[in-house]
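**Student:** For the sequence shown, the numbering used here assigns the number 3 to the initial residue and increments by one for each residue that follows. Even for Gly, the Cβ is constructed at its ideal location relative to N, Cα and C. One structure follows; several queries about it will come next.
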Amino acid sequence: MSQILAGRTALVTGASSGIGTETARALAAAGATLVVSARRRDRLDALAAELEKAGAAVLPVTADMRREDDIVRCFADARDRFGGVDVLVNNAGLGRSAPISSAATELWREMLEVNVLGLAIATREAIRDMERRGRAGHVVNVASMASHRVPGPESGMYSATKFAVRALTEGIRQELRAKQSTIRVSLVSPGYVATEFADVFAGRPGALQALQARLAVKMLDAVDVARAIVWVLTQPPHVEVHDVLVRPTEQKN
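In C-alpha coordinates:
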(Lines of atoms letter the chains of each structure in order from A and count residues from 1; the text may use other names and numbers.)
(Lines give C-alpha, C1' and ligand atoms only; values in the text may rest on other atoms or scores of the structure.)
Protein backbone atom coordinates (compact mmCIF):
# COMPACT_ATOMS: atom_id res chain seq x y z
CA MET A 1 0.00 0.00 0.00
CA SER A 2 1.27 3.48 -0.82
CA GLN A 3 2.01 5.95 1.96
CA ILE A 4 -1.14 7.89 1.14
CA LEU A 5 -1.81 8.76 4.81
CA ALA A 6 1.74 9.83 5.61
CA GLY A 7 1.82 12.91 7.84
CA ARG A 8 -1.55 12.15 9.42
CA THR A 9 -2.11 10.90 12.96
CA ALA A 10 -5.02 8.53 13.51
CA LEU A 11 -6.62 7.47 16.80
CA VAL A 12 -8.33 4.07 16.64
CA THR A 13 -10.56 3.09 19.56
CA GLY A 14 -11.24 -0.53 20.38
CA ALA A 15 -7.91 -1.42 18.79
CA SER A 16 -7.18 -4.53 20.84
CA SER A 17 -9.08 -6.94 18.57
CA GLY A 18 -11.05 -7.48 15.39
CA ILE A 19 -11.83 -4.51 13.19
CA GLY A 20 -9.85 -2.13 15.42
CA THR A 21 -6.65 -4.16 15.18
CA GLU A 22 -6.93 -4.60 11.43
CA THR A 23 -7.75 -0.92 10.94
CA ALA A 24 -4.64 0.07 12.88
CA ARG A 25 -2.57 -2.25 10.70
CA ALA A 26 -4.09 -0.89 7.51
CA LEU A 27 -3.62 2.74 8.55
CA ALA A 28 -0.01 2.09 9.52
CA ALA A 29 0.60 0.42 6.15
CA ALA A 30 -0.81 3.57 4.52
CA GLY A 31 1.76 5.68 6.36
CA ALA A 32 -0.28 7.04 9.25
CA THR A 33 1.03 7.64 12.74
CA LEU A 34 -1.11 5.71 15.22
CA VAL A 35 -2.68 6.19 18.62
CA VAL A 36 -4.38 2.93 19.61
CA SER A 37 -6.72 2.66 22.58
CA ALA A 38 -8.59 -0.13 24.34
CA ARG A 39 -8.92 -1.63 27.81
CA ARG A 40 -6.61 -4.61 27.28
CA ARG A 41 -3.11 -3.22 27.68
CA ASP A 42 -1.31 -6.44 26.85
CA ARG A 43 -2.95 -6.60 23.44
CA LEU A 44 -2.28 -2.93 22.78
CA ASP A 45 1.39 -3.34 23.63
CA ALA A 46 1.68 -6.37 21.34
CA LEU A 47 0.01 -4.45 18.50
CA ALA A 48 2.22 -1.40 19.05
CA ALA A 49 5.35 -3.57 19.02
CA GLU A 50 4.24 -5.21 15.77
CA LEU A 51 3.52 -1.91 14.03
CA GLU A 52 6.68 -0.25 15.32
CA LYS A 53 8.73 -3.17 13.99
CA ALA A 54 7.20 -2.44 10.59
CA GLY A 55 8.27 1.20 10.86
CA ALA A 56 5.18 2.96 12.21
CA ALA A 57 5.11 5.43 15.09
CA VAL A 58 2.57 4.13 17.61
CA LEU A 59 1.27 5.29 20.99
CA PRO A 60 -0.82 2.76 22.97
CA VAL A 61 -3.25 4.31 25.49
CA THR A 62 -5.31 2.23 27.90
CA ALA A 63 -8.86 3.56 27.94
CA ASP A 64 -12.36 2.50 28.91
CA MET A 65 -14.97 4.13 26.67
CA ARG A 66 -17.36 4.32 29.63
CA ARG A 67 -14.99 6.74 31.39
CA GLU A 68 -14.90 10.29 30.05
CA ASP A 69 -11.56 10.98 31.71
CA ASP A 70 -10.01 8.06 29.84
CA ILE A 71 -11.32 9.30 26.50
CA VAL A 72 -10.11 12.85 27.09
CA ARG A 73 -6.69 11.50 28.12
CA CYS A 74 -6.33 9.71 24.78
CA PHE A 75 -6.39 13.05 23.01
CA ALA A 76 -4.16 14.74 25.60
CA ASP A 77 -1.58 11.98 25.19
CA ALA A 78 -1.84 12.25 21.40
CA ARG A 79 -1.18 16.00 21.61
CA ASP A 80 1.81 15.47 23.90
CA ARG A 81 3.36 12.81 21.67
CA PHE A 82 2.34 13.74 18.12
CA GLY A 83 0.83 17.23 18.31
CA GLY A 84 -2.76 16.12 17.81
CA VAL A 85 -5.11 13.85 15.90
CA ASP A 86 -6.09 14.19 12.23
CA VAL A 87 -8.24 11.05 12.01
CA LEU A 88 -10.53 9.44 14.56
CA VAL A 89 -11.85 5.94 13.93
CA ASN A 90 -14.65 5.36 16.44
CA ASN A 91 -14.48 1.58 16.37
CA ALA A 92 -15.00 0.70 20.04
CA GLY A 93 -18.40 -0.87 20.57
CA LEU A 94 -20.17 -3.98 21.72
CA GLY A 95 -23.47 -5.80 21.61
CA ARG A 96 -25.29 -7.83 24.21
CA SER A 97 -28.16 -10.22 23.89
CA ALA A 98 -30.53 -8.05 25.91
CA PRO A 99 -34.25 -8.15 25.06
CA ILE A 100 -36.06 -4.96 25.99
CA SER A 101 -38.85 -6.91 27.66
CA SER A 102 -36.61 -8.83 30.05
CA ALA A 103 -32.90 -7.93 30.14
CA ALA A 104 -30.97 -6.37 33.00
CA THR A 105 -30.65 -2.60 32.85
CA GLU A 106 -26.87 -2.80 33.17
CA LEU A 107 -26.59 -4.55 29.81
CA TRP A 108 -28.47 -1.71 28.14
CA ARG A 109 -26.46 0.92 30.01
CA GLU A 110 -23.16 -0.64 28.93
CA MET A 111 -24.12 -0.57 25.25
CA LEU A 112 -25.48 2.96 25.43
CA GLU A 113 -22.44 4.30 27.27
CA VAL A 114 -19.87 2.66 25.00
CA ASN A 115 -21.61 2.72 21.62
CA VAL A 116 -23.28 6.12 21.87
CA LEU A 117 -22.02 8.35 24.68
CA GLY A 118 -18.37 7.27 24.47
CA LEU A 119 -18.42 7.74 20.71
CA ALA A 120 -19.94 11.21 21.08
CA ILE A 121 -17.34 12.27 23.65
CA ALA A 122 -14.49 11.02 21.48
CA THR A 123 -15.93 12.82 18.46
CA ARG A 124 -16.24 16.08 20.38
CA GLU A 125 -12.65 15.86 21.59
CA ALA A 126 -11.39 15.03 18.09
CA ILE A 127 -13.22 17.93 16.47
CA ARG A 128 -11.97 20.33 19.14
CA ASP A 129 -8.41 19.16 18.52
CA MET A 130 -8.74 19.41 14.74
CA GLU A 131 -10.30 22.87 14.93
CA ARG A 132 -7.64 24.10 17.33
CA ARG A 133 -4.96 23.21 14.79
CA GLY A 134 -6.95 24.19 11.70
CA ARG A 135 -6.83 20.65 10.33
CA ALA A 136 -9.10 19.20 7.66
CA GLY A 137 -9.61 16.08 9.76
CA HIS A 138 -11.86 13.09 9.37
CA VAL A 139 -14.04 11.12 11.79
CA VAL A 140 -15.10 7.60 10.81
CA ASN A 141 -17.78 5.90 12.89
CA VAL A 142 -18.00 2.13 12.73
CA ALA A 143 -21.67 1.20 13.02
CA SER A 144 -23.31 -1.98 11.75
CA MET A 145 -25.93 -3.22 9.33
CA ALA A 146 -27.96 -3.21 12.56
CA SER A 147 -28.01 0.59 12.22
CA HIS A 148 -30.39 0.06 9.28
CA ARG A 149 -32.58 -2.80 10.53
CA VAL A 150 -33.13 -4.90 13.67
CA PRO A 151 -31.61 -8.33 12.94
CA GLY A 152 -33.43 -10.30 15.63
CA PRO A 153 -35.57 -10.29 18.79
CA GLU A 154 -32.60 -10.05 21.15
CA SER A 155 -31.01 -7.13 19.26
CA GLY A 156 -33.44 -4.29 19.94
CA MET A 157 -31.26 -2.24 22.26
CA TYR A 158 -28.06 -2.99 20.36
CA SER A 159 -29.73 -1.84 17.13
CA ALA A 160 -31.05 1.24 18.92
CA THR A 161 -27.50 2.24 19.80
CA LYS A 162 -26.36 1.75 16.22
CA PHE A 163 -29.35 3.66 14.84
CA ALA A 164 -28.21 6.42 17.21
CA VAL A 165 -24.70 6.30 15.77
CA ARG A 166 -26.15 6.76 12.29
CA ALA A 167 -28.20 9.74 13.50
CA LEU A 168 -25.18 11.21 15.29
CA THR A 169 -23.12 10.92 12.12
CA GLU A 170 -25.68 12.95 10.17
CA GLY A 171 -26.04 15.43 13.04
CA ILE A 172 -22.27 15.94 13.14
CA ARG A 173 -22.17 16.39 9.37
CA GLN A 174 -24.82 19.11 9.59
CA GLU A 175 -23.00 20.86 12.47
CA LEU A 176 -19.73 20.88 10.54
CA ARG A 177 -21.38 22.18 7.37
CA ALA A 178 -23.11 24.95 9.35
CA LYS A 179 -19.64 26.05 10.52
CA GLN A 180 -18.21 25.69 6.99
CA SER A 181 -15.70 23.27 8.46
CA THR A 182 -13.34 21.21 6.31
CA ILE A 183 -13.66 18.27 8.75
CA ARG A 184 -15.47 15.29 7.28
CA VAL A 185 -17.48 12.55 8.99
CA SER A 186 -18.29 9.10 7.61
CA LEU A 187 -20.02 5.91 8.65
CA VAL A 188 -19.05 2.32 7.85
CA SER A 189 -21.75 -0.28 8.52
CA PRO A 190 -20.54 -3.90 8.33
CA GLY A 191 -22.68 -7.00 8.16
CA TYR A 192 -21.50 -10.30 9.64
CA VAL A 193 -17.80 -10.16 10.50
CA ALA A 194 -15.75 -13.04 11.90
CA THR A 195 -14.60 -11.45 15.14
CA GLU A 196 -15.14 -12.04 18.85
CA PHE A 197 -18.26 -9.83 18.68
CA ALA A 198 -20.53 -12.89 18.47
CA ASP A 199 -19.04 -14.43 21.61
CA VAL A 200 -19.45 -11.16 23.51
CA PHE A 201 -23.03 -10.73 22.27
CA ALA A 202 -24.02 -14.24 23.34
CA GLY A 203 -21.98 -14.11 26.54
CA ARG A 204 -20.26 -17.41 25.86
CA PRO A 205 -17.28 -18.78 23.91
CA GLY A 206 -18.02 -20.70 20.75
CA ALA A 207 -20.88 -18.46 19.63
CA LEU A 208 -18.97 -17.31 16.56
CA GLN A 209 -18.47 -20.88 15.37
CA ALA A 210 -22.14 -21.65 15.96
CA LEU A 211 -23.16 -18.55 14.03
CA GLN A 212 -20.90 -19.45 11.13
CA ALA A 213 -22.37 -22.95 11.01
CA ARG A 214 -25.95 -21.61 11.12
CA LEU A 215 -25.40 -18.98 8.44
CA ALA A 216 -23.34 -21.25 6.18
CA VAL A 217 -21.84 -18.22 4.41
CA LYS A 218 -18.35 -16.80 4.14
CA MET A 219 -18.39 -13.99 6.70
CA LEU A 220 -16.38 -10.81 6.30
CA ASP A 221 -12.91 -10.77 7.77
CA ALA A 222 -11.98 -7.76 9.90
CA VAL A 223 -9.44 -6.74 7.26
CA ASP A 224 -12.28 -6.33 4.73
CA VAL A 225 -13.83 -3.64 6.92
CA ALA A 226 -10.42 -2.05 7.54
CA ARG A 227 -9.91 -1.71 3.79
CA ALA A 228 -13.27 0.05 3.52
CA ILE A 229 -12.23 2.49 6.24
CA VAL A 230 -8.95 3.28 4.48
CA TRP A 231 -10.85 3.81 1.24
CA VAL A 232 -13.16 6.29 2.95
CA LEU A 233 -10.21 8.18 4.42
CA THR A 234 -8.33 8.41 1.14
CA GLN A 235 -11.03 10.08 -0.94
CA PRO A 236 -10.22 13.60 -2.18
CA PRO A 237 -11.20 16.56 0.04
CA HIS A 238 -14.37 17.37 -1.92
CA VAL A 239 -15.73 13.83 -1.41
CA GLU A 240 -17.49 12.96 1.85
CA VAL A 241 -18.51 9.30 1.93
CA HIS A 242 -21.48 9.26 4.26
CA ASP A 243 -22.32 5.58 4.80
CA VAL A 244 -20.74 2.42 3.45
CA LEU A 245 -22.75 -0.78 3.86
CA VAL A 246 -20.46 -3.77 3.48
CA ARG A 247 -21.85 -7.30 3.89
CA PRO A 248 -20.83 -10.82 2.93
CA THR A 249 -21.87 -11.58 -0.65
CA GLU A 250 -24.08 -14.44 0.54
CA GLN A 251 -25.69 -12.59 3.44
CA LYS A 252 -29.47 -12.52 3.00
CA ASN A 253 -30.63 -9.76 5.36
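Provide the residue(s) that pair with D245 in DSSP beta bridges, ordered along the chain.
**Tutor:** DSSP lists L189 as partners of D245.
**Student:** What span of residues does the beta strand (DSSP E) with S39 cover, start to end?
**Tutor:** T35 to A40 is the span of the beta strand (DSSP E), which, as asked, contains S39.
**Student:** Kindly indicate which three-state DSSP category T236 falls into: helix, strand or coil?
**Tutor:** Note: T236 maps to coil in three-state DSSP.
**Student:** Would you mind working out which of G9, L49, K254 and A48 sits nearest P153, comparing C-alpha positions?
**Tutor:** Comparing Cα positions, the closest option is K254.
**Student:** Below 9 Å between beta carbons: does that hold for P250 and V202?
**Tutor:** Not closer than 9 Å, so no.
**Student:** May I ask you to report which of helix, strand or coil DSSP gives V167?
**Tutor:** In the structure shown, V167 sits in a helix (DSSP, three-state: H, G or I).
**Student:** Could you say if the region 135-143 and the region 152-166 meet the contact criterion of at least three C-beta pairs nearer than 8 Å?
**Tutor:** The region 135-143 vs the region 152-166: no contact.
**Student:** Express the C-alpha separation of S4 and A209 in angstroms, rounding to a whole number.
**Tutor:** So the two alpha carbons sit approximately 37 Å from each other.
**Student:** Considering A12, what are the terminal residues of the alpha helix (DSSP H) in which it resides?
**Tutor:** First-last for A12: T11 to V14, but that is the beta strand (DSSP E), not the alpha helix (DSSP H).
**Student:** Taking the Cβ atom as the reference point for each residue, do A65 and L36 lie within a distance shorter than 9 Å?
**Tutor:** Contact flag unset, no.
**Student:** Can you tell which of D47, L96, I231 and A230 has the C-alpha that lies nearest to the C-alpha of E205?
**Tutor:** Here residue 205 is Gly; the residue named in the question, Glu, does not match the sequence. Minimum Cα distance to G205 is reached at L96.
**Student:** Three-state secondary structure (DSSP) at L61?
**Tutor:** Residue state, collapsed to three classes: strand.
**Student:** Quick check on DSSP: helix, strand or coil for N117?
**Tutor:** Reduced to three states, the DSSP call for N117 is helix.
**Student:** For a test of the three-state rule: what should DSSP assign to L217, helix, strand or coil?
**Tutor:** The answer is helix: DSSP assigns L217 an H, G or I state.
**Student:** Is it buried or exposed, G193, if we count other Cβ atoms within 10 angstroms and call 16 or more buried?
**Tutor:** It is buried - the Cβ of G193 has at least 16 other Cβ atoms within 10 Å.
**Student:** Report yes or no: do three or more beta-carbon pairs, one from the region 79-94 and one from the region 177-185, lie closer than 8 Å?
**Tutor:** No: the two stretches stay apart, fewer than three of their Cβ pairs being nearer than 8 Å.
**Student:** Give me the residue from L189, V167, I129 and A224 with the minimum Cα distance to E177.
**Tutor:** Taking only the C-alpha atoms, the option nearest E177 is I129.
**Student:** One question on the structure: do Y160 and A148 come within less than 9 Å of each other, judged by their Cβ atoms?
**Tutor:** Contact flag set, yes.
**Student:** Is it true that the region 17-29 meets the region 219-229, where meeting means three or more beta-carbon pairs spaced less than 8 Å apart?
**Tutor:** The region 17-29 vs the region 219-229: in contact.
**Student:** In terms of DSSP beta bridges, what is N143 paired with?
**Tutor:** Partner(s): N92 and L189.
**Student:** With a threshold of 8 Å on Cβ separation, who are the neighbours of L1 within its own chain once the five nearest residues in sequence on each side are excluded?
**Tutor:** The requested residue 1 is not part of the displayed model; the chain covers only 3 to 255.
**Student:** Would the beta-carbon of L189 fall within 9 Å of that of A228?
**Tutor:** Not a contact, by the Cβ cut-off of 9 Å.
**Student:** Is the region 94-108 in contact with the region 25-33, if contact means three or more CB pairs nearer than 8 Å?
**Tutor:** Judged by Cβ distances under 8 Å, the region 94-108 makes no contact with the region 25-33, as fewer than three pairs qualify.
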